[in-house]
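Visitor: Numbering (my numbering), first residue to last: 1002 to 1190.
Dropping a structure here in structure tokens format, bear with me for questions.
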Amino acid sequence: MDTTGNNLCFTALSIGLNPDVENRLRKEIDTVIGESEEIKAKDIMSMQYLTQVVKESLRLHPPTPALTRRTDKDTLIGSVMIPGDTPIMVNPYAIQTHPDYWEDPHDFKPERFASVENLHPYAYFPFSLGPRRCIAPQLADLQVKLVIARLLKKFKFKLLPGQTLKLAENISFGPVGTVRCTLAFADQH
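Okay, structure coming up:
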């Protein structure tokens, strides 16, 4: 759950740093959920912009700083021969923010996920790829979207001045230091 908590934290902070994103997201939530206090999974899954926001947050703040694998045979990567049974590490952040794959790679732009037709198949993999992929990305995704939708339905995020988003590497990524924000009732904005 640590990775889900970090994802939720980074998504909320990214929204707080981007008022236009927050306003557009709030409109989508109001349109889909309306006055209802109950938020259903089908409602969450129908929110396209919410999906884009969470994906963009995961692109910029992947759950883990390194994915480890072991080659099962001699493997040529570019011009380098990797012997069989060699441990290798892949850095999702480096690939998910590489300018060859992403325009303005360090900017928070959820709209880049509106169409993924031209996205390189290995440019986005916050939960890894293949048979050793995370076993529950849909559950984590649903949890984060549900909490964000519930929070934005009632509250407005406001980061205290001087707050930034920086990554701290550990077993999973987390924010550096303390990030302070306030919540105000949404109808007071």
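All residues carry an ideal CB built from backbone N, CA and C; glycine is no exception.
Return the first residue and the last residue of the beta strand (DSSP E) that Lys1110 is part of.
Guide: Lys1110 -> no beta strand (DSSP E), and no H or E assigned at all.
Visitor: Round the Cβ separation of Ile1096 and Ala1067 to the nearest angstrom and send it over; I've been treating them as touching at under 8 angstroms.
Guide: Not a contact, Cβ separation roughly 12 angstroms.
Visitor: So, do the region 1015-1032 and the region 1073-1086 have three or more beta carbon pairs nearer to each other than 8 angstroms?
Guide: With the cut-off at 8 angstroms, the region 1015-1032 and the region 1073-1086 do not touch.
Visitor: What are the boundary residues of the alpha helix (DSSP H) that Cys1182 is part of?
Guide: Per DSSP, Cys1182 belongs to no alpha helix (DSSP H); it is in the beta strand (DSSP E), Cys1182 to Phe1186.
Visitor: Suppose the cutoff is 6 angstroms on Cβ atoms and the five residues either side in sequence are ignored; what does the same chain contact list for Glu1029 look like?
Guide: Once the five neighbours on either side are set aside, the close Cβ partners of Glu1029 are Met1048 and Tyr1050.
Visitor: Going by the CB atoms, is the gap between Thr1072 and Ile1083 shorter than 7 angstroms?
Guide: In this structure, Thr1072 lies closer than 7 angstroms to Ile1083 by Cβ.
Visitor: Can you name the start and end residues of the beta strand (DSSP E) that Lys1167 belongs to?
Guide: No beta strand (DSSP E) holds Lys1167; DSSP gives it neither H nor E.
Visitor: Starting from Leu1130 and walking both ways along the alpha helix (DSSP H), at which residues does that stretch end?
Guide: Counting along the chain, Leu1130 falls outside any alpha helix (DSSP H), and DSSP gives it neither H nor E.
Visitor: Please list the terminal residues of the continuous beta strand (DSSP E) segment that includes Met1046.
Guide: Premise fails: Met1046 lies in the alpha helix (DSSP H), Ala1042 to Ser1047, not in any beta strand (DSSP E).
Visitor: Residues in its own chain within less than 7 angstroms of Leu1026 by CB, not counting five upstream and five downstream?
Guide: Within the same chain, Leu1026 has close Cβ partners Ile1016, Tyr1050, Leu1051, Val1054 and Leu1153.
Visitor: Taking the CB atoms as reference points, tell me whether Val1148 and Asn1008 lie closer together than 7 angstroms.
Guide: Cβ atoms of Val1148 and Asn1008: not closer than 7 angstroms.
Visitor: Which residues bound the alpha helix (DSSP H) around Lys1074?
Guide: That residue, Lys1074, is in no alpha helix (DSSP H); it is neither H nor E in DSSP.
Visitor: What span of residues does the beta strand (DSSP E) with Ile1083 cover, start to end?
Guide: Residues Val1081 to Ile1083.
Visitor: Going by C-alpha to C-alpha distance, which of Lys1167, Leu1184 and Gly1006 sits closest to Tyr1094?
Guide: Per the Cα distances, Lys1167.
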